[in-house]
Ligand code: PLP
């Protein structure tokens, strides 16, 4: 008998993937330009020019045996040092190369971290809406994901609901800011309140809860909004980072885990990360891209395109009567579905060739996610369809 849980993960595609596959079929039928595909969070702006230049330089000037070879399981020392130095410079942390683990993107960062922390039956709290794969990653590590609601208007975590959810089984909390799918950035007040609740829980029960910050969108913020760096607010914090979105490199699979050295048992936690990486086979992240990211730390793709898309779409949709959550970052717009049911709304949107994702699988009913990481031309061409969709609910 096969492992049925994994067979089912393989058979049942996520709603997002399902829609993406539908989009591919539909584009073949009526032409790519006639389908408005807002399903996937695939960056639409190219990687910065420095990525191309430095890759060529690396290939032309590095020893190929080194460049395409194994690194240390946790990543090349010089890369881990560069990552730690960069974070220390930007956020005044005290990190070192031996608390950094190079990974194949945020998905691997999260899987490794959860496997490092969890024992069977442990609970992991996250805030709805949340990236649906958290449930899969947590279950696979032996835990149970416990979604806690966010404020209905601001989509900031509801701290009093959070305090009620904390219990003896809680091992970790995952936060994601800027958030997929809401685009909301958790403000400093929220992060301070969250950290205070965790400290209070530890004092009262003796249970330390680890705060995992999933940050693939850290640099994707607009209008000067600041994303509080979690380690500056809570000692037992672990950052799961990815270059997929900030550098438009999702296909290259590169990211890292950083364990805060301010946590009393950081060396054990880091050993757990190395052990989980080993047990999962997530060792030696691709060296070509380890070396590449070392040369472009702090650089991002041109995010002005995302800001322009956000502004255009938010203004247009609001004028058509939609209720839109104002996003400060990432490249997602969270929109209230018309009618009661977001699944039915997204289904009707298909009649207008609009591919948008119902947020039910993100743990929130009555909303849809629009990934606006598309060309400005697609945004412009899609607006009459959004208008017609809204009008179909007025009649
Ligand atoms: N976490 C969130 C919130 C995401 O949106 C994504 C990808 O879309 C991931 C993790 C996985 O990122 P990566 O492609 O770096 O594995």
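In my numbering, the protein residues as written are 58 to 452. Each residue gets a CB set at the ideal place from its N, CA and C atoms; glycine is no exception. Note that this is a predicted model, so its numbers are computed, not measured.
8 Å contact criterion, which residue i and residue j should meet: CB distance rounded
i, j, result
"residue 111", "residue 352", "4 Å"
"residue 314", "residue 170", "6 Å"
"residue 300", "residue 373", "So it is not a contact: roughly 31 Å between Cβ atoms."
"residue 192", "residue 205", "Going by Cβ atoms, the distance from residue 192 to residue 205 rounds to 14 Å, so no, they are not a contact pair."
"residue 323", "residue 316", "5 Å"
"residue 347", "residue 132", "6 Å"
"residue 96", "residue 414", "6 Å"
"residue 298", "residue 163", "7 Å"
"residue 440", "residue 140", "Contact flag wrong, Cβ pair sits at about 41 Å."
"residue 291", "residue 252", "4 Å"
"residue 304", "residue 108", "6 Å"
"residue 342", "residue 159", "4 Å"
"residue 189", "residue 376", "Actually they are not in contact, since the Cβ atoms of residue 189 and residue 376 sit about 31 Å apart, beyond 8 Å."
Identified DSSP bridge partners for residue i
i, result
"residue 155", "According to DSSP, residue 155 bridges with nothing at all."
"residue 312", "160, 299"
"residue 415", "425"
"residue 386", "278"
"residue 202", "181"
"residue 270", "232, 296"
"residue 94", "412"
"residue 207", "214"
"residue 392", "381, 425"
"residue 227", "180"
Of the residues the options, the one placed nearest residue i, counting alpha carbons only
i, options, result
"residue 436", "366, 405, 410", "366"
"residue 248", "232, 199, 222", "232"
"residue 225", "182, 398, 245", "182"
"residue 100", "327, 302, 58", "302"
"residue 393", "272, 287, 235, 402", "402"
"residue 157", "312, 427, 408", "312"
"residue 236", "333, 432, 288, 272", "272"
"residue 199", "62, 430, 243, 343", "62"
"residue 432", "290, 72, 246, 93", "93"
"residue 281", "364, 250, 207", "364"
"residue 379", "337, 449, 320, 258", "449"
"residue 274", "121, 384, 221", "384"
"residue 270", "386, 440, 230, 283", "230"
"residue 75", "412, 438, 428", "412"
"residue 286", "322, 149, 180, 323", "149"
"residue 216", "201, 243, 124", "243"
"residue 359", "89, 83, 184, 106", "106"
"residue 221", "201, 254, 194, 241", "254"
"residue 289", "70, 423, 152, 354", "152"
"residue 406", "141, 389, 425, 417", "425"
"residue 72", "430, 446, 420", "420"
"residue 423", "390, 396, 336, 430", "396"
"residue 241", "265, 209, 228", "209"
"residue 245", "283, 257, 256", "283"
"residue 85", "188, 195, 430, 410", "410"
"residue 166", "333, 377, 213", "333"
"residue 276", "68, 400, 386, 404", "386"
"residue 371", "59, 239, 175", "239"
"residue 186", "202, 135, 82", "202"
"residue 267", "320, 307, 261", "320"
"residue 279", "398, 338, 388", "388"
"residue 416", "90, 391, 91", "391"
- [ ] Starting from the N-terminal end, write out each residue whose C-beta falls within a distance shorter than 6 Å of any non-hydrogen atom of ligand 1.
- [x] 98, 162, 163, 164, 188, 233, 237, 271, 273, 299, 301, 307, 312
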